[in-house]
Amino acid sequence: MATDGAAPAVDAHAHVFTRAMPFAADAHSRPDYDYGVDAWLSDLDRHGITYGVIAAASLFNDGNAYTLAALAAHPRRLRGTVIVPPETDAATLRQMADLGVVGVRLTWRRVEELPDLNSDPWCGFLRRIADSGLHVELLSRSASLPHLLPALDRAGVRIVIDHFGVPSRDKAERQAGTDALCRALDTGQAWVKLSAGFRMSFDIAAEVTDRLLAHAGPARLLWGSDAPFVNHESGTRFADTIDLYHRLVPDPATRAAIDRTALTLFFDKEDPA
């Protein structure tokens, strides 16, 4: 185990895939290696982590078969999110929920023209997500958060925001994005993942973490490794992500509370046993 103190109970953000899976036509990266569910579970075991949540990867668009198979094989230990088109019907969403799917991921970090969430097709889709007991998992640049988060809240869906809200290097833009995160957390229907901290400077990750903890406390925060660290494989080990988390949240009691948040949100339990 890599750090002082207890390991996280839940890795709330990781990707699993094999080289046999077809990439989306617009995939921003095409990793030439396997990181299957067994490899991830081995990493979790090695670092004392009990539970995990598979985050749907934009690299494979709506290719969810591998994730669904992993959830079926590990129903106690794993949950996951999927990417599906907005015309997906309620019955399909409910079937996925029965398999352990907890959310629908919207990967808009690299999208220049965002959809109109107030349009009839999107309002209907978001309502079906909410009615199926799922949340929206949002990956978007911080500059888009002041627009997107209120629209999602009006739609009545719970929201889990990835990667600290993808904070901008620009201070004013970053602060506006963090302000939007805080307003979303105030609704009681949103959470933020302290995931992929290795993709930004420590100072920025610490700034956002401190602001969110001061504003909302650990009941609105989650931790995730973002394994297998696509495009950062050579410089990041699984243990490094836990070390970084402990640097960002040094208080063990606060980390234990973040564990309880993840256990309750994803597994409907408060204790990892």
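For the sequence shown, our numbering assigns the number 1 to the initial residue and increments by one for each residue that follows.
Every residue gets a Cβ at the ideal spot worked out from N, C-alpha and C, and that includes glycine.
Tell whether a beta-carbon distance below 8 Å holds between residue i and residue j.
i           : j           : result
residue 238 : residue 102 : no
residue 14  : residue 224 : yes
residue 166 : residue 109 : yes
residue 132 : residue 90  : yes
residue 12  : residue 53  : yes
residue 276 : residue 157 : No answer is possible for residue 276: the residues shown for the chain start at 1 and end at 273.
residue 39  : residue 59  : no
residue 199 : residue 246 : no
residue 125 : residue 75  : no
residue 93  : residue 134 : yes
residue 45  : residue 227 : no
residue 216 : residue 182 : yes
Per DSSP, which one or two residues make a beta bridge with residue i?
i           : result
residue 193 : 222
residue 51  : 10
residue 17  : 35
residue 135 : 103
residue 82  : 104
residue 204 : According to DSSP, which records beta bridges pairwise, residue 204 is partnered with nothing at all.
residue 180 : Its beta-bridge partners do not exist; DSSP assigns none.
residue 160 : 137 and 191
residue 227 : 14
Let me know if residue i comes out buried or exposed under the rule of 16 or more other beta-carbons within 10 Å of its beta-carbon.
i           : result
residue 17  : buried
residue 35  : buried
residue 114 : exposed
residue 261 : buried
residue 322 : Examination of residue 322 is not possible in this model, given that the chain is present from 1 through 273 alone.
residue 64  : buried
residue 193 : buried
residue 232 : exposed
residue 155 : buried
residue 258 : buried
residue 72  : exposed
residue 201 : exposed
residue 33  : exposed
residue 178 : buried
residue 172 : exposed
residue 69  : exposed
residue 214 : exposed
residue 268 : exposed
CB-CB under 7 Å to residue i, same chain, minus the five flanking residues each way: which ones, in chain order?
i           : result
residue 180 : 145, 146 and 149
residue 84  : 62 and 104
residue 187 : 153
residue 203 : none
Between residue i and residue j, how many whole angstroms is the CB-CB distance? I'm expecting something under 8 Å.
i           : j           : result
residue 106 : residue 136 : 6 Å
residue 248 : residue 209 : 5 Å
residue 81  : residue 104 : 6 Å
residue 51  : residue 9   : 6 Å
residue 307 : residue 142 : The requested residue 307 does not occur in the structure, where the chain is confined to residues 1 to 273.
residue 20  : residue 47  : The Cβ separation is near 27 Å, so there is no contact.
residue 160 : residue 29  : Actually they are not in contact, since the Cβ atoms of residue 160 and residue 29 sit about 23 Å apart, beyond 8 Å.
residue 212 : residue 222 : The Cβ separation is near 11 Å, so there is no contact.
Considering only residues of the same chain and omitting the five flanking positions on each side of residue i, which have a CB-CB separation below 6 Å?
i           : result
residue 184 : 149 and 190
residue 219 : 261
residue 272 : 9 and 50
In chain order, what residues of the same chain have a beta carbon less than 8 Å from the beta carbon of residue i, not counting five sequence neighbours either side?
i           : result
residue 236 : 198 and 229
residue 116 : 122
residue 256 : 6
residue 253 : none
residue 168 : 141, 142, 143, 174 and 177
residue 270 : 260, 263 and 264
residue 77  : 41, 50, 51 and 52
Checking contacts by CB at 8 Å: is residue i closer than that to chain B?
i           : result
residue 127 : As a matter of chain content, chain B is missing from the structure shown, which is built from one protein chain.
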